Each structure stands twice: as C-alpha cells, then as structure tokens.
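Engineer:
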Amino acid sequence: MSTTVIEAKGLTKRYGAALAVAGVDLSVEAGEVVGLLGPNGAGKTTTILMLLGLTEPSEGQVLILGKDPLREPLEVKRQVGYLPDTVGFYDNMSARENLSYTAELAGLSRDQARERIAAALDKVRLRDAADRQVGTYSRGMRQRLGIAELLMRDCRVAILDEPTSGLDPQATQELLDLIQTLSREGMTILLSSHMLDVVQTVCHRIALFRNGKIGFVGTVEELADRIGGGAFVVDVEADGIDLAQAARFAEGVKSIAADRDGHWLVEAERDVRPELARLVVQGGGSLRNLDLHRARLDQAYSRYFKEVAHDA
Amino acid sequence: MTREGSPFKGTATIALKEAADHMTSARMHLIMLLVLLTAAGAVYGAIGRITATTAEDPFLFLKLLTVARDPLPSFAAFLGFLLPLVAITLGFDAINGEYARRTMSRLLAQPIYRDAVLFGKFLGGLLVIAIALLTLWLLMTGLGILFLGLPPSSGDLVRGIAYLAVTLAYAGVWLALAIAFSTVIRSPATSALAALSVWLVLTVFWGMIAPLIASTIAPLDPLDPMTVITQFETQQAIARLSPQSLYGEVTALLLDPSARSVGPLFFDQMQGAVVGAPLPTVQSLLVVWPQISGLVAAMILLFTLAYVAFQRQEVRA
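Respectively, the protein sequence lines represent chains A and B.
For the first sequence, my numbering assigns the number 1 to the initial residue and increments by one for each residue that follows.
For the second sequence, my numbering assigns the number 313 to the initial residue and increments by one for each residue that follows.
#1: Hey, how far is the Cα of Leu489(B) from the Cα of Leu613(B)?
#2: Since Ser623(B) is in the alpha helix (DSSP H), which residue starts that stretch and which ends it?
#3: In chain order, which alpha helix (DSSP H) runs of at least 4 residues are fully inside the region 326-399 of chain B?
#4: Have a look at Glu626(B) and Met452(B) and give me their C-alpha separation to the nearest angstrom.
#5: Whole angstroms are fine: how far does the CA of Asp131(A) sit from the CA of Glu104(A)?
#6: If we ignore side chains and look at the alpha-carbon of each, how far apart do Gly166(A) and Leu145(A) end up?
#7: Residues in its own chain within less than 6 Å of Gly140(A) by CB, not counting five upstream and five downstream?
#8: Kindly identify the DSSP beta-bridge partner or partners of Ala324(B).
#9: If the cut-off is 9 Å on Cβ atoms, which residues from the region 70-85 of chain A count as contacting chain B, listed in chain order?
#10: Check whether the region 242-253 of chain A touches the region 269-289 of chain A, counting contact only when three or more Cβ pairs, one atom from each stretch, lie closer than 8 Å.
#11: Taking the alpha-carbon positions, what's the Ser337(B) to Pro590(B) distance?
#12: How would you label Gly322(B), buried or exposed, when you count the other beta carbons within 10 angstroms and need 16 or more for buried?
#13: Check the Cβ of Lys329(B) against every Cβ in chain A and list those closer than 7 Å, keeping chain order.
#14: Are the beta-carbon atoms belonging to Ala354(B) and Leu384(B) less than 8 Å from one another?
#15: Indicate whether at least one CB of chain B lies closer than 8 Å to the CB of Tyr90(A).
#16: How about Glu104(A): is its C-beta nearer than 8 Å to some C-beta of chain B?
#17: If I'm right that Thr546(B) touches Ala530(B) with Cβ under 8 Å, what's the distance once you round it to whole angstroms?
#18: What does Leu650(B) reach in chain A if we use C-beta pairs closer than 8 Å?
#19: Going by C-alpha to C-alpha distance, which of Arg153(A), Val80(A), Val21(A), Leu178(A) sits closest to Ile214(A)?
#20: What is the DSSP secondary structure of Ile117(A), reduced to helix, strand or coil?
#21: Quick check on the DSSP output: the beta strand (DSSP E) that includes Asp239(A) runs from which residue to which?
#22: According to DSSP, is Ala246(A) helix, strand or coil?
#23: Using the rule of at least 16 other Cβ atoms within 10 Å of the residue's Cβ for burial, across every protein chain shown, is Gln603(B) buried or exposed?
#24: To the nearest angstrom, report how far apart Val496(B) and Lys13(A) are at their CA atoms.
#25: Does the beta carbon of Thr45(A) come closer than 8 Å to any beta carbon on chain B?
#26: Which residue wins for smallest C-alpha separation from Pro569(B), given the options Ser596(B), Val562(B), Leu558(B)?
#27: Using the Cα positions of Leu223(A) and Phe216(A), report the straight-line distance between them to the nearest angstrom.
#28: When the distance is taken between beta carbons, is Leu395(B) closer than 8 Å to Tyr475(B)?
#29: Please confirm whether Arg5(A) and Arg205(A) have their CB atoms less than 8 Å apart.
#30: Which term fits Leu243(A), buried or exposed, when burial requires 16 or more other beta carbons within 10 angstroms of its beta carbon?
#31: Checking contacts by CB at 8 Å: is Thr325(B) closer than that to chain A?
#32: If we cut at 8 Å on Cβ distances, does Arg413(B) have a partner in chain A?
#33: As a quick exercise: from Phe434(B), Gln556(B), Arg418(B), pick the residue whose alpha carbon is nearest that of Phe390(B).
#34: Enumerate in chain order the residues of its own chain whose CB-to-CB distance from Ala148(A) is below 6 Å, with the five nearest sequence positions on each side excluded.
#35: Nearest by alpha-carbon distance to Val80(A): which of Thr86(A), Gly285(A), Gly66(A) is it?
#36: Looking only at C-alpha atoms, which of Thr136(A), Leu51(A), Gln61(A) sits nearest to Ser94(A)?
In structure tokens:
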C-alpha cells in the first residue's frame with residue numbers, strides 16, 4: 001500500500017520582487033527516492049526549506065506525514081531528517097560528541113543515544129574516526145556523518161540537499177550506496193542535485209526544476225523519452241557544400257551545428273541519413289561520412305536546460 | 313496561527329553546550345586571565361590602603377571593592393569597565409558563528425524551535441558569567457579574610473550578593489547587545505567590532521559627551537541659580553543612557569552604606585540625618601531601584617530586538 005508522505009501544493013516563495021519558487025506541486029510516496037534536479041538557483045533549496053518549515057512559503061501548502069510543518073514543526077522535524085548543502089559540524093568536537101548533542105536535542109535518553117550513535121557510526125563506516133575532532137574530517141566524511149545523524153535519529157523521511165556536491169567520484173559512489181541502503185530499509189528520501197548521473201543511479205522518480213517551477217516529474221525512462229532521449233544526432237562529414245544552408249529546411253531536422261570545417265552535427269527527430277545524403281549529393285558536395293547516434297541522457301538534459309535558458 | 317509544543321524545548325541542552333564551549337575556549341581563558349589579574353591587583357591595592365588608614369568600619373569588606381590606590385582604580389570600577397568586554401567576547405558570534413560554521417540549518421532542523429536557540433545562547437553566556445563572577449567574588453573575599461584577618465559581616469554579605477546580582481544584570485545588557493549584533497550582522501568580525509565600538513563610546517566617551525549635550529540643551533543662566541541644577545540633572549539623565557553610569561550609581565549606593573542619593577542633595581533634605589550613618593540595605597536598594605530596573609529593561613529590550621530579528625531571518629545565508 002502506498003501512502004503519500006510529502007505533499008506540496010502551489011508552493012511559492014518571493015524574496016521581495018524576485019520569485020524564487022513559482023508554484024511547485026510535488027507528492028512523494030512512502031519508500032520512494034525522489035530526485036530534485038536542476039541547475040543552481042532553480043529553487044531546489046528554497047523548496048526543501050519550505051517543505052521542512054524552515055522558511056515560510058509566500059503561498060501554498062505543505063503536508064509531511066499528514067502534518068503541516070508550520071503548525072506542528074516539532075512533530076514534523078522529529079520524523080524528518082535534513083542534511084543541508086555542505087553540512088557543518090562543530091569542528092572542535094568529535095563526531096560522537098556532535099551526534100550526542102543532536103541526540104539530546106532530539107530528546108533521546110543518554111543510553112539510547114549512546115547505542116544508536118555507535119550503530120549509526122558503524123553503518124557509515126566512521127567508527128574508527130568517531131573520537132577524532134570533526135575539524136580533521138574530509139568532506140566525504142562530513143557528509144557521511146550527516147547521514148549518520150539521520151540514522152541515529154531514526155527518521156522516516158530524509159531530505160538531502162546536494163549530498164554529493166564537491167565530493168570526489170569515489171566518495172560520491174560511497175554516499176550513493178549509503179543512500180540506496182537507507183532506501184532499502186524503507187526510508188523515504190528526497191534529494192536534490194544538479195548532477196544527472198547522481199540522481200539517475202539512485203532515484204525512482206525525478207522532478208526537473210527550472211526557474212522555480214517543476215518542468216517534469218517522472219521516472220528516468222520517462223525523462224529520457226520526454227526530453228530527447230529519443231532524439232537522433234547525425235554526424236556528417238562532407239566537402240564542397242554548406243550543409244547548414246542546404247539542409248536548413250529539411251523535414252525532420254531540428255538543428256544543425258557546424259563543428260569544424262566540413263563537419264556538422266545534425267539533430268533530428270528521426271533517422272534523416274537518407275535525406276542528408278541526398279541533399280549533399282544534390283548540392284554538388286562529396287559525402288565522406290554519415291554517423292548516427294542517439295542522444296545520451298546527460299546531453300539531452302543539458303540541452304533541455306539550454307532550451308529553457310533560451311526561452312526565458 | 314498557533315504552534316504546537318513548547319518553544320523552550322532544548323533550551324537547557326543548548327545553554328549547557330554553549331557554557332561548556334565557553335568554558336573550554338581559549339578566548340574565554342584569556343579574557344578571564346585579564347580580569348583576574350586586574351581584580352587581584354585592585355583588591356591587593358585596596359587591602360594596602362585599608363590596613364594603613366581605616367581603623368574601624370562596620371563594612372570593611374565592601375571597602376575592598378570600592379577603595380582605590382593610585383594608579384589602580386577600584387575593583388568595582390574595573391568590573392564596570394571590563395565586564396562588558398567579557399560579555400562581548402561570549403556573545404559576538406553567537407548567531408552568525410553558527411551560520412559561518414554552516415551548522416545553523418542543521419541545528420534548526422532538529423525538533424526544537426528557534427526560540428530555544430537564542431534563549432540557550434543567552435542563558436549559556438549568562439551562566440558562564442555568573443560562575444566567573446561568583447568565583448571572582450569568593451576569591452576577593454578570601455583574599456580579604458587572609459590579609460585583613462576578619463570574616464565578612466552579615467551586612468557585607470547581603471550587600472555583596474545584591475551587588476553580584478546587579479553586576480550579572482549589567483553583564484546581561486552587554487551580552488544581549490553582543491547577541492543582537494551577532495544576529496543582525498552576518499560577519500563575526502564586523503559584529504565584534506560593532507559591539508566593541510558601542511562599548512568604547514558608552515564606557516569611555518559617554519562621560520565626556522554627556523556634559524557637552526547637557527550644556528547645549530540646558531545652558532547656564534548666570535542670573536538664575538536653578539539653571540545649574542537643571543543642567544546637572546539633564547547631564548545625569550543623558551549619562552544614564554549608558555548602562556555603565558547606571559551600574560556605577562548602583563555600585564556606589566550598594567557598596568557604600570553611608571551614601572544617601574545618586575543625585576544632588578540639599579541641606580534641607582539632610583535635616584535630622586546623622587552624617588555618615590549607614591543606610592539599611594533595603595533602603596540603599598530602594599534608592600537605586602530605578603537604575604536596577606533600567607539595567608534589566610535594557611537587557612530585555614536588546615534581547616527582544618535580537619529575538620525578533622532572529623525569528624524573521626531566512627535560514628539560507
């Protein structure tokens with residue numbers, strides 16, 4: 001049985017005249033991993049802060065686990081863990097001390113806290129460094145410590161803001177593995193990122209943010225279909241013709257980009273190789289190469305945001 | 313819109329953590345070393361003067377705190393000058409420091425209200441100051457017993473404790489000021505400088521500024537003797553805008569039982585009074601009650617400013 005854990009309707013946030021988030025609707029089911037994907041400044045963090053009740057929305061409503069984070073913030077925050085963008089800890093305290101401070105704030109008893117902290121640190125593989133000052137930690141270790149805090153508090157929902165930003169590939173992979181483990185244990189996870197591959201590997205569903213709105217919500221496969229995973233790119237090499245001119249109005253061609261001399265990248269809705277070959281020959285040029293490949297998701301993704309930027 | 317749950321949940325945890333941080337921090341150690349050395353110097357000087365001049369005094373121990381021997385000022389004067397520095401040291405990065413360490417959003421994501429963060433920070437600082445003051449006072453009393461060879465009288469004790477309480481309120485004003493700056497100003501260095509400038513203006517320069525302003529507001533008229541009094545009272549009113557003047561007046565009355573008034577006294581008011589006879593402690597307290605209320609009010613006002621600013625602040629920096 002699926003139940004809705006996070007439900008946002010028409011979330012809007014204005015900072016003065018600037019519109020940071022312009023009417024976001026989002027719903028997350030229990031046990032799901034949902035990725036908020038978008039460039040920096042698209043409104044992901046603001047949306048997250050509004051979901052948590054840390055920022056008051058200008059308009060719209062949020063329900064987390066059936067509760068309004070503005071009316072019952074303590075109840076919501078007890079069950080929802082938040083890992084902020086570049087999480088900070090008290091550098092002069094050890095990992096264990098940092099966690100026992102938050103455990104005390106969360107209202108855990110001393111014995112309970114000790115047990116849970118040890119278990120959580122074990123799980124994120126920080127046991128050996130548990131009594132070192134956090135000031136000596138690497139970025140990846142801090143992020144893992146942040147995850148340990150969520151584990152220790154036994155949150156039902158975890159909201160992670162840019163959990164992998166600034167991490168090296170290995171640390172990123174470790175963190176993603178950890179997120180997957182959490183998800184398997186039944187935690188509902190909402191994470192934001194501007195990196196497609198991060199979201200692609202762990203998320204069941206993706207919400208694309210652009211200019212404070214959600215442009216698309218769906219699975220990775222749906223995203224691929226929707227934003228151009230279905231698109232074709234033809235690599236054309238030819239001499240003695242200006243293909244950009246010749247094929248401008250050809251049917252099925254979306255765009256032509258001159259790459260270097262005698263080399264073009266043709267983007268098309270379908271396989272347009274026969275048409276292109278004919279055009280080149282008709283134009284009196286000599287065709288040297290025609291290469292078809294389908295657009296990769298990350299290319300499609302960056303193209304998607306480029307289009308958005310052009311529209312704006 | 314009503315909120316569920318207590319705004320004070322977690323206050324004690326935050327206060328104790330802050331207090332522990334302060335107790336172990338190098339900056340607190342340095343500033344307390346400074347205070348301890350100057351205080352010891354002042355009291356040692358006072359002991360020398362007392363043993364040389366005073367034959368008998370029912371309030372010998374209070375003299376320890378007020379008597380000065382050149383070039384050192386008295387212990388009370390030292391405290392009035394240095395205590396703000398201690399409070400500013402404890403409070404100048406209370407809020408913006410959390411932002412700088414990027415711990416604020418994580419802290420606020422815990423199941424507590426923002427209220428608890430600010431209350432905890434303030435109470436933690438105040439707790440540390442209270443412990444430091446009590447230690448200092450006990451040390452000075454101990455020195456006094458050692459060198460004067462007399463135990464403090466009960467009158468000494470009562471007045472001493474009242475003095476400690478007022479001193480704590482005075483420190484609270486500066487702590488609230490420092491926390492207010494740390495809330496409004498994003499950079500810890502700037503907020504420290506801002507708080508220190510206010511401290512310098514109010515403790516050092518205010519005594520010079522007040523007569524200047526008073527002489528323009530209420531100029532002297534050579535034909536009207538009442539203008540002298542008007543000018544004096546104006547000057548006093550302006551001087552009292554500085555918490556240091558308020559604290560100075562309270563100190564003067566509490567630590568000197570024979571003091572009758574903080575303002576001008578006329579001969580007809582002194583009719584029937586035995587000059588030099590001590591006032592009961594309660595009467596001394598009553599004389600400076602407005603000053604004490606003023607200090608507490610200033611503390612609450614500054615804290616409220618910080619509170620309102622903090623509640624409205626956006627979490628993301």
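By construction, the Cβ of each residue, glycine as well, lies at the ideal position given by its N, Cα and C atoms.
Quantities reported herein were computed from a predicted structural model and do not represent experimental measurements.
Structural biologist: Working from what's here:
#1: 9 Å
#2: According to the sequence displayed, residue 623(B) carries Gln and not Ser. Element bounds for Gln623(B): 601-624.
#3: 338-365, 372-378
#4: 46 Å
#5: 18 Å
#6: 16 Å
#7: Cβ within range, chain order: Leu167, Ala171.
#8: None, per the DSSP bridge assignment.
#9: Leu70, Arg71, Glu72, Pro73, Leu74, Glu75, Val76, Lys77, Arg78, Gln79, Val80, Gly81, Tyr82, Leu83, Pro84, Asp85
#10: yes
#11: Here the C-alpha atom of Ser337(B) lies approximately 43 Å from the C-alpha atom of Pro590(B).
#12: buried
#13: Here the neighbours are Tyr101.
#14: yes
#15: Closer than 8 Å to some Cβ of chain B, the Cβ of Tyr90(A) qualifies, so yes.
#16: yes
#17: 4 Å
#18: In the structure as shown, chain B begins at 313 and stops at 629. Residue 650(B) is therefore absent and cannot be evaluated.
#19: Val21(A)
#20: It is helical.
#21: 232-239
#22: Looking at Ala246(A) - three-state DSSP - the assignment turns out to be helix.
#23: buried
#24: 22 Å
#25: yes
#26: Ser596(B)
#27: 8 Å
#28: no
#29: Checking the displayed sequence, the identity of residue 5(A) turns out to be Val instead of Arg. For the 8 Å CB-CB criterion, Val5(A) and Arg205(A) do not form a contact.
#30: buried
#31: yes
#32: Yes, Arg413(B) counts as interfacial toward chain A.
#33: Gln556(B)
#34: Cβ within range, chain order: Ala120, Leu121, Val124.
#35: Gly66(A)
#36: Considering only alpha carbons, the answer is Thr136(A).
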